[in-house]
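See the structure below:
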């Protein structure tokens, strides 16, 4: 027993006891996660890239919106943080694909998460409904709000113009004025749609650049970690050689 305890102490990361404890705790955690999912209905869930306020590293995860709040979890569905509706102090929409959620505290740092996702435009309208008094659209996201609201206005005007054109054609079947006006209005609407599509393309290019930068940063971080592991292994090998030398000297002395 003494030899086994010395060979694998409790603090050693490769101890069999530690791995057994981890394997025992994992099913419990997954059970609690599944129970919370079954208890409350999910409105929407999207994949996101998470950045914590106090941590410069980025990591992939998921954003889940509930009727009572929102939840940020990692790729293994382990909850990183859950915001209840009353806990959220403000939500800032930086771009149509990037938001930040913050909870203020007195006497300690605020809890803030920045989330980036290509599917964020699907979640922003739901957040706007749930947190109408707490959500704030910044300058780069104002175009997204206008693009969402403008199609409804264009639809109403186009219906009104089509109706007036039909009435004019019925009253004066020989005059082609209504048809010309309708064609002009269609051209204006097509130009507006082209402008909106160009803006969306620019925003998509920007988000792709950001994602590329994040991927390069994570790759560099992985390389640094590999180098650190290599240095640790070399130092362990040196320490093992030194221990062997000392053991040989002790044997010679005895």
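Numbering (full-length UniProt numbering), first residue to last: 1 to 254.
Yeah, the Cβ is synthetic: ideal placement off N, Cα and C, and Gly gets one too.
All figures in this text were calculated on a predicted structure; none of them were measured in a lab.
Here the alpha carbons of residue 59 and residue 80 stand approximately 11 Å from one another. Comparing alpha-carbon positions, the option among 204, 126 and 135 lying closest to residue 100 turns out to be 135.
For the options 114, 85 and 75, the alpha carbon positioned closest to that of residue 92 is the one of 114.
Cα atoms of residue 85 and residue 75: separation of roughly 23 Å, rounded to the nearest angstrom. 117 is the residue among 57, 53, 65 and 117 whose C-alpha sits nearest the C-alpha of residue 208. If you draw a 10 Å sphere on the C-beta of residue 236, you find fewer than 16 other C-beta atoms in it, and that means exposed. When the Cα atoms are used, residue 69 and residue 140 turn out to be separated by approximately 25 Å.
Short of 8 Å from the beta carbon of residue 66, and not among the five residues preceding or following it, lie these beta carbons of its own chain, in chain order: 40, 41, 42 and 43. Excluding the 5 residues flanking it on each side, residue 102 has same chain C-beta neighbours closer than 6 Å at 89, 90, 110 and 112, in chain order. Here residue 63 is buried. Its C-beta has 16 or more other C-beta atoms within 10 Å.
One alpha carbon belongs to residue 105, the other to residue 87, and they sit about 10 Å apart. A residue is called buried once 16 or more other Cβ atoms fall within 10 Å of its Cβ, and residue 123 is buried on that count. Within 10 angstroms of the beta-carbon of residue 217 lie fewer than 16 other beta-carbons, which makes it exposed. Annotation: the continuous alpha helix (DSSP H) that includes residue 127 extends over 120 to 130. Here DSSP, grouped into helix, strand and coil, assigns residue 218 to helix. The C-alpha of residue 225 is placed about 26 Å away from the C-alpha of residue 242. Residue 88: not part of any beta strand (DSSP E); DSSP gives it neither H nor E. Contact between residue 119 and residue 50 does not hold, since the beta-carbon distance rounds to 14 Å and is not under 8 Å.
Residue 73 counts as buried, since no fewer than 16 other beta carbons sit within 10 angstroms of its beta carbon.
Taking 7 Å as the cut-off, the Cβ atoms of residue 71 and residue 53 do not count as close. The three-state secondary structure of residue 238, taken from DSSP, is helix.
Going by C-alpha positions, residue 246 is about 11 Å away from residue 239. Just measuring C-alpha positions, the residue of 205, 78 and 108 sitting nearest residue 96 is 205. Residue pairing from DSSP places residue 61 in a beta bridge opposite 48 and 74.
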